[in-house]
Ligand SMILES: Nc1ncnc2c1ncn2[C@@H]1O[C@H](COP(=O)(O)OP(=O)(O)OP(=O)(O)O)[C@@H](O)[C@H]1O
């Protein structure tokens with residue numbers, strides 16, 4: 001908490017405002033002295049030049065002291081608000097790291113980013129500018145009115161009668177400005193999101209040649225922003241002029257009535273100096289009056305934003321270490337996996353149904369099945385990205401829910417279906433999961449001015465391990481061709497790499513940690529069969545004594561697995577070795593037949609192929625045009641016959657994913 005800073009700051013505002021009251025008083029003394037008038041109390045008559053100089057010096061001193069105290073206020077309250085912004089951002093980020101797949105499945109990245117920037121900014125504005133302005137307004141109003149009453153209660157009653165009109169009008173204008181400001185900000189967010197998606201999806205935009213449409217959409221959004229900004233300027237600009245007018249009118253009224261009191265009523269207790277003092281006091285109220293509306297808006301925005309931030313802070317992970325259940329004595333896992341009657345439901349939708357499976361430690365499991373059959377979810381149950389609705393997943397005979405999450409994830413590496421690469425060097429991308437030195441923690445809840453030093457840059461991951469992992473993942477050759485080898489920077493999301501290179505970088509990242517369990521989720525789909533064979537060899541080498549789970553659609557990828565299971569609509573429908581499943585004549589055998597026929601068609605060269613009977617030719621032709629769903633996966637469309645390279649055995653445009661879609665090169 002920053003109570004001390006706030007209390008000090010508020011005290012400084014009160015002192016500054018109190019000292020400021022002297023300024024109009026000193027002006028009054030000079031004017032009365034110079035005009036030879038007397039006030040009702042002192043009746044001092046004129047003043048000497050020295051006295052005038054003394055008052056002038058007093059005015060300078062007053063400005064100096066009040067300016068100094070306002071500086072103290074800024075140093076305390078504004079700095080405290082900046083510190084709080086820092087602490088909230090740090091805590092939210094740390095909290096977001098504890099949340100799980102369930103949260104991130106539902107959260108929108110743009111929204112999270114916006115909360116961490118826009119909402120946090122609004123809260124800081126409320127705590128900083130808002131915080132001191134509220135104290136300022138209250139003290140200025142109270143002290144000014146007390147003095148003004150002392151000078152002339154008649155004039156003060158007139159001012160009090162005018163104030164609701166002035167404050168009401170200004171507050172109305174300020175509310176309008178807030179609304180229009182918010183509308184402009186929302187449009188700003190939309191424009192930013194649009195640009196970000198366009199840049200990230202540049203390949204899609206270009207691929208579909210929809211640049212014109214994108215330009216037009218962006219132009220329309222930009223135009224809307226212009227419209228909203230102009231609407232804002234229409235009320236924003238006149239606010240100051242309008243305030244000047246209102247204050248000018250109040251000045252006019254007071255000047256006239258005050259002048260009347262001096263001229264006509266012959267009121268000897270009310271001097272010219274007092275009228276000037278009164279007008280100066282009135283002038284001091286202009287800014288706080290204008291601020292009333294602003295502060296309302298700042299506070300409203302700040303509170304709404306704080307609620308949105310609190311929502312993030314209160315979000316809880318579904319998967320967590322339960323102190324009553326987690327066995328903290330477990331420090332490692334060997335890799336023996338058991339699924340016992342595992343089911344998973346999303347609402348009414350059963351996505352995994354009574355799955356029973358045993359993967360002995362150190363063996364190689366292949367999983368295949370139609371798209372959406374639950375393969376990815378099955379693998380996510382092992383890492384506890386999700387927990388089953390019923391049944392138990394065991395590792396080394398222990399329910400995974402009893403294994404500390406950090407131990408579980410330290411010993412399991414996953415290559416996800418869509419690998420994510422960081423804007424960093426290839427070496428750091430591969431070595432991402434290797435242990436880094438402990439970074440110094442910045443303490444929470446204390447003043448951190450001057451404290452948060454930049455964390456030390458993590459040491460480079462062991463280059464030897466990185467190289468070896470890259471070699472095993474079939475990436476080493478590619479990296480050597482890059483301009484700076486392993487120090488080559490990857491652009492945002494690794495855009496400079498081809499699909500196959502991205503997959504292999506992710507594989508290298510997974511195997512560099514030498515995990516007990518390695519899970520590859522459709523990670524070889526974007527590489528050609530020759531590269532696939534090299535990677536599988538690499539994995540088999542690294543996998544000695546480790547458990548490997550490989551999700552794939554190609555028989556060529558799966559055939560060497562110790563055990564292959566077929567998952568269909570959340571059920572395990574087939575299980576066995578390659579030969580056993582072929583003999584079974586089910587989904588796997590059909591997959592194999594289709595891929596073999598399509599491959600034959602691909603290599604069908606009348607000069608070298610033995611002649612086929614018309615019936616065989618028809619079977620091959622049909623196999624090549626079998627719809628994707630029947631073949632058990634989504635396929636890239638349309639087919640490109642005759643596209644395969646010589647020597648490729650299973651490289652079918654229809655039945656296999658495309659190999660690296662782009663030339664594998666790094667653009668610098
Ligand atoms: N968070 C979720 N909420 C609701 N349904 C989900 C969620 N996650 C996955 N599903 C559904 O569960 C089913 C299985 O998904 P999963 O990702 O495991 O399929 P898959 O077999 O890996 O498919 P593919 O081969 O296309 O990658 C799908 O129908 C999917 O829509």
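In UniProt numbering, the protein residues as written are 1 to 668.
Think of the CB as a built atom: it goes at the ideal place given N, C-alpha and C, for glycine as much as any other residue.
* **Euclidean distance between Cα positions of residue 361 and residue 488** => Start at 1 with the first residue of the chain shown, and residue 361 comes out as number 361. Start at 1 with the first residue of the chain shown, and residue 488 comes out as number 488. Looking at the two C-alpha atoms, the distance is approximately 37 Å.
* To do: Would you kindly work out how many angstroms separate the C-alpha atoms of residue 74 and residue 326, rounded to a whole number?
  => Numbered from its first residue, the chain shown carries residue 74 at position 74. Numbered from its first residue, the chain shown carries residue 326 at position 326. Going from the Cα of residue 74 to the Cα of residue 326 covers about 49 Å.
* Using the beta-carbon count (16 or more within 10 Å), is residue 7 buried or exposed? -> If you number the chain shown from 1, residue 7 lands on position 7. By the 10 Å Cβ count, residue 7 comes out exposed.
* Asked: Assuming residue 567 and residue 373 make a contact with CB atoms under 8 Å, what is their CB distance in whole Å?
  -> Residue numbering aside, residue 567 sits at position 567 when the chain shown is read from its first letter. Residue numbering aside, residue 373 sits at position 373 when the chain shown is read from its first letter. Contact flag correct, Cβ pair sits at about 4 Å.
* When DSSP labels each residue in this structure, what does residue 345 get in the three-state scheme? -> Sequence index remark: in the chain shown, residue 345 carries index 345 (1-based). Here residue 345 carries a strand assignment [DSSP, helix/strand/coil].
* Asked: Ordered along the chain, which non-local residues of its own chain (more than five positions away) have a Cβ less than 7 Å from that of residue 167?
  -> Residue 167 sits at position 167 when you count from the first residue of the chain shown. Cβ neighbours of residue 167 beyond the five flanking positions: 289 and 292.
* Pull up the distance between the alpha-carbon of residue 118 and that of residue 318, whole angstroms please. => Residue mapping note: residue 118 aligns to position 118 of the chain shown, counting from 1. Residue mapping note: residue 318 aligns to position 318 of the chain shown, counting from 1. Roughly 28 Å separates the two Cα atoms.
* **Stretch-stretch touch, CB-based, cutoff 8 Å, three pairs: the segment 75–84 with the segment 14–23** => no
* Have a look at residue 235 and residue 389 and give me their C-alpha separation to the nearest angstrom. => Taking the first residue of the chain shown as position 1, residue 235 is located at position 235. Taking the first residue of the chain shown as position 1, residue 389 is located at position 389. Going from the Cα of residue 235 to the Cα of residue 389 covers about 56 Å.
* Asked: Candidates 138, 157, 233 and 159: which alpha carbon is nearest residue 173's?
  -> Position 173 of the chain shown, counted from the first residue, corresponds to residue 173. Ranking 138, 157, 233 and 159 by Cα distance to residue 173 puts 233 first.
* Asked: Taking DSSP as the reference, what is the three-state secondary structure of residue 563?
  -> The residue you call residue 563 lines up with position 563 of the chain shown. Of the three classes helix, strand and coil, the one that applies to residue 563 here is strand, per DSSP.
* Asked: Quick one, are the C-beta atoms of residue 512 and residue 469 less than 8 Å apart?
  -> The residue labelled residue 512 in the question sits at position 512 within the chain shown. The residue labelled residue 469 in the question sits at position 469 within the chain shown. The answer is yes: Cβ separation under 8 Å.
* Terminal residues of the continuous beta strand (DSSP E) containing residue 576? -> In the chain shown, counting from the first residue as 1, residue 576 sits at position 576. 571–576 is the span of the beta strand (DSSP E), which, as asked, contains residue 576.
* Using the Cα positions of residue 427 and residue 518, report the straight-line distance between them to the nearest angstrom. => Taking the chain shown and counting its residues from 1, the one referred to as residue 427 is at position 427. Taking the chain shown and counting its residues from 1, the one referred to as residue 518 is at position 518. Between residue 427 and residue 518, the C-alpha separation is close to 20 Å.
* May I have all residues whose beta carbon comes closer than 5 Å to any heavy atom of ligand 1, sorted in chain order? => 105, 346, 351, 371, 372, 373, 374, 375, 376 and 377
* By the 10 Å Cβ neighbour count, where 16 or more other Cβ atoms means buried, how is residue 341 classified, buried or exposed? -> As a working mapping, residue 341 is identified with position 341 in the chain shown. So residue 341 ends up on the exposed side.
* Asked: If we call anything under 8 Å between Cβ atoms a contact, is residue 13 one with residue 277?
  -> Walking along the chain shown from the start, residue 13 turns up at place 13. Walking along the chain shown from the start, residue 277 turns up at place 277. Not closer than 8 Å, so no.
* Helix, strand or coil at residue 599 [DSSP, three-state] -> Looking up residue 599 in the chain shown gives position 599. Reduced to three states, the DSSP call for residue 599 is helix.
* Under a three-way DSSP split, which group does residue 141 fall into? -> If you number the chain shown from 1, residue 141 lands on position 141. Helix, per DSSP.
* Check whether the segment 496–512 touches the segment 405–419, counting contact only when three or more Cβ pairs, one atom from each stretch, lie closer than 8 Å. => yes
* Asked: What is the C-beta distance between residue 309 and residue 88, in whole angstroms, given that I count them as a contact (C-beta under 8 Å)?
  -> Here residue 309 corresponds to residue number 309 of the chain shown, with the count starting at 1. Here residue 88 corresponds to residue number 88 of the chain shown, with the count starting at 1. Sure, about 7 Å apart at Cβ, within 8 Å.
* residue 364 lies in the beta strand (DSSP E); which residues open and close that run? -> As a working note, residue 364 is residue 364 in the chain shown. That run of the beta strand (DSSP E) goes 364–368.
* Should residue 3 be labelled buried (16 or more other beta-carbon atoms within 10 Å of its own) or exposed? -> For the purposes of this step, residue 3 is taken as residue 3 along the chain shown, with counting starting at 1. Answer is exposed; the Cβ neighbour count stays below 16.
* Asked: Name the DSSP bridge partner or partners of residue 489?
  -> Your numbering for residue 489 matches position 489 in the chain shown. Bridge partners of residue 489: 425.
* To do: Consult DSSP for residue 302 and reduce its assignment to one of helix, strand or coil.
  => On the chain shown, position 302 is the one that residue 302 refers to. Correct three-state label for residue 302: helix.
* To do: Report yes or no: do three or more beta-carbon pairs, one from the segment 331–340 and one from the segment 352–359, lie closer than 8 Å?
  => Per the Cβ contact rule, the segment 331–340 is in contact with the segment 352–359 (3 or more Cβ pairs under 8 Å).
* Please report how far the alpha carbon of residue 420 lies from the alpha carbon of residue 285, in whole angstroms. => Taking the chain shown and counting its residues from 1, the one referred to as residue 420 is at position 420. Taking the chain shown and counting its residues from 1, the one referred to as residue 285 is at position 285. Answer to the nearest angstrom: the Cα atoms are 57 Å apart.
* Shorter than 8 Å from the beta carbon of residue 271 to some beta carbon of chain D? -> In the structure shown, chain D does not exist; there is a single protein chain.
* Burial state of residue 370, where buried means 16 or more other Cβ atoms lie within 10 Å -> Locating residue 370 in the chain shown gives position 370, counting from the first residue. Answer is buried; the Cβ neighbour count reaches 16.
* To do: Indicate whether the contact test is met: 3 or more Cβ pairs, each with one atom in the segment 518–531 and one in the segment 500–507, closer than 8 Å.
  => yes
* Strand pairing of residue 63, partner residues [DSSP] -> Numbered from 1 along the chain shown, position 63 holds the residue referred to as residue 63. Residue 63 pairs with nothing; no bridge assigned.
* Among 466, 502 and 251, nearest to residue 486 - alpha-carbon criterion -> Here residue 486 corresponds to residue number 486 of the chain shown, with the count starting at 1. The residue with the shortest Cα to Cα distance from residue 486 is 466.
* Asked: Is residue 521 helix, strand or coil by DSSP?
  -> Along the chain shown, read from residue 1 onward, the residue named residue 521 stands at position 521. If DSSP states are grouped into helix, strand and coil, residue 521 belongs with the strands.
* Asked: Can you round the beta-carbon distance between residue 736 and residue 366 to whole angstroms, since I take them to be within the 8 Å contact cut?
  -> Residue numbering for the chain in the displayed model covers 1 to 668; residue 736 lies beyond these limits and cannot be assessed.
* Sheet register partners of residue 399 (DSSP bridge) -> What you label residue 399 is simply residue 399 of the chain shown in a count that begins at 1. Per DSSP, the beta bridge partners of residue 399 are 394.
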